[in-house]
Every structure is written in C-alpha cells, then in structure tokens.
Amino acid sequence: MAVWDVARYEGRHSFVWRQAQDLVQLLSPQPGERVLDLGCGTGHLTARIAARGARVIGMDASPAMVEQARRNYPDLHFLVGDARDFHFSEPFDAVFSNAVLHWIREQELAVACIVEALRPGGRLVAELGAKGNVASIVTALQETLRERGLPLPPGGSPWYFPGLGEYVVLLERMGLEVVLAHLFDRPTPLEGGEEGLRHWLAMFAGDFLAPLPEARRDEVVQAVEERLRRRLFRDGTWVADYRRLRVVAYRR
Ligand code: BEZ
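When the sequence shown is numbered by my numbering, its final residue is 327 and no position is left out of the sequence of numbers.
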C-alpha cells in the first residue's frame, strides 16, 4: 500500500475527488440509506454523500488520510480499514468507491468484501482507472528505469487497470449484476505548470521512485519528463492521459 502525503493530496491533487463529484450523482444516495465510501481519502466525497441525507461511513487504508478526513468533517464517521479485508456486521445499501480499486492488484479480495458488505439488492457504484490509464506515464517510467538497469515494481506496475469486458466478467463472477459499465478518456490537467508532472509522480508513483537510491530519483524524473514533454505538455500545463471505468452493479 502506498504511503500518502496528505498535504500534497489536499493541496495539488484535489482533482481526484473534484472530477468525480458526478459519481455521487450516479450513486444517487437516498435519505437514510447506509453507504460505505471505500477508500474515502480525506473525506470530501463522503461529505457530499452525507449531504444527501445518507448515513455514510468513510473507510481508508491510510491512517493519515483518515485523520485528515476527521479534521475536515468532524461530524462524520471515518475509520481505517483495508479494502482487501474488511467486514461489517450490518449490511450496506450501497458501496461507493472513487479512484481506489486500481490500487488493489488482488482485486477479487476487494470485490468479495464489497459483495459481502452489501445487502441483497444493494449496489456498488465505482470509478477506477481503465485499461490504458496513464499508459504513456507508465511506459515512460518503465523504459527510463529499464534503460538504467534500475528496479521496477513487481509486475512492472503497482496498478490494476482492467478493460471493461474483463471487469464486468469479474464482477458478475463474484455475485454482482452489472447494469452500467462506461469506459472513457479523461485527459487531466495537472496543477503546477512546468512542475505538474513531477508533483504527480511524487504523489502517486512512489512504487517506482521510492526504491531507487535517492541520488537517482531526480535524474529519473527529469528523464521521464523529457520523454513525455512532446506528448503531454501543452501550453504550459501537463495533461495526464487518464482513462476511467465507471460501473454500477447490484448484489444478486
Ligand atoms: C488514477 O486515479 O487513475 C490514478 C492515480 C494515480 C495513479 C494511478 C492512477
């Protein structure tokens, strides 16, 4: 699991939750519904769900994120928990998850916990990176490290970015009925001008950069920037090649 720099997340990467506010519309939380926000981060979407009258619990694997969520929204209920291994005694009407499931390579463990947490007829509403998400950034990192004989994360990448068909099959096999699956490109401008890509790498690409000798990290980041500049740097802004997968699925 990644170690999160909460200040960096709140400061320059608020697009993670801002761009997914319409996922809350898709969830359409009803007053009194019991909802789990799985991977709630610093709680901003949890609060949007609560504002619709639902009884929501935010859960995140990062104690630092949960601490910040509690500071941001002291009246809401947040707890630390692992998406691959969680159990609640009272079932949920809905599980909501934004930009979290792609961090879990053991996807079936997470989906099994989600299914178990839902009441029969309850729904999963989720968005994650789709097949091809940030592909040019992943390729640039891999090529830069390989060229220098530096180590890659196990499997070449820490992320799970499924194709639409593959993910629907997995969810159906695990006991959900998928009623909506939508894969779309969302080119995402990164904050910070010239520094935008290095901020993104510092926030999200720790699995690539942290194992390197400290003296090599900046060299790798600069080489990645040079590889990607023509493709992703436009009019003074880095634009990451995000591709999203949204699903709505009901527990049978
Ligand atoms: C994403 O939200 O798609 C994402 C963020 C960071 C790393 C990888 C993917």
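Cβ atoms here follow ideal geometry from the backbone N, Cα and C, with glycine treated the same way.
Practice prompt. Give every residue of the same chain whose Cβ lies closer than 7 Å to the Cβ of residue 211, excluding the five residues on either side of it in the sequence, and list them in chain order.
Written response: 303, 306, 307 and 316
Worksheet entry | DSSP state of residue 242 mapped onto helix, strand, coil | helix
Discussion item. Taking 7 Å as the cut-off, is the beta-carbon of residue 91 closer than that to any non-hydrogen atom of the ligand BEZ?
Written reply: yes
Item to complete: Under the assumption that residue 141 contacts residue 129 (Cβ atoms under 8 Å), give the Cβ distance between them as a whole number of angstroms.
Response: With a Cβ gap of about 19 Å, residue 141 and residue 129 do not count as contacting.
Worksheet entry | Stretch pair the region 309–327 + the region 187–195: three plus CB contacts closer than 8 Å | yes
Discussion item. Taking its Cβ as the centre, do 16 or more other Cβ atoms sit within 10 Å of residue 285, making it buried, or is it exposed?
Written reply: exposed
Discussion item. So if DSSP puts residue 264 in a beta bridge, which residue, or which two residues, is it bridged to?
Written reply: 314
Discussion item. Measuring straight from C-alpha to C-alpha, what distance separates residue 94 and residue 319?
Written reply: 11 Å
Worksheet item: Taking DSSP as the reference, what is the three-state secondary structure of residue 281?
Response: helix
Fill in: Backbone secondary structure at residue 162 - three-state DSSP
coil
Practice prompt. Quick one: using the 10 Å Cβ neighbour count with 16 as the cut-off for buried, is residue 198 buried or exposed?
Written response: buried
Item to complete: Measure the alpha-carbon distance for residue 264 versus residue 228 and round it to whole angstroms.
Response: 26 Å
Worksheet entry | Coarse secondary structure for residue 195, derived from DSSP in three states | strand
Worksheet item: According to the neighbour-count rule (16 or more other Cβ atoms, all chains shown, within 10 Å of its Cβ), is residue 119 buried or exposed?
Response: buried
Worksheet item: So, residue 225 versus residue 287, is the Cβ gap smaller than 8 Å?
Response: yes
Fill in: Contiguous alpha helix (DSSP H) assignments of at least 4 residues, all confined to the region 127–191
138–147
Worksheet item: Going by alpha carbons, who is nearest to residue 79 out of 108, 232, 166 and 175?
Response: 175
Worksheet entry | the region 267–274 / the region 229–240 touching (three or more Cβ pairs under 8 Å) | no
Worksheet item: Can you name the residues that DSSP bridges to residue 203?
Response: 320
Item to complete: Quick one: grab the DSSP three-state call for residue 209.
Response: coil
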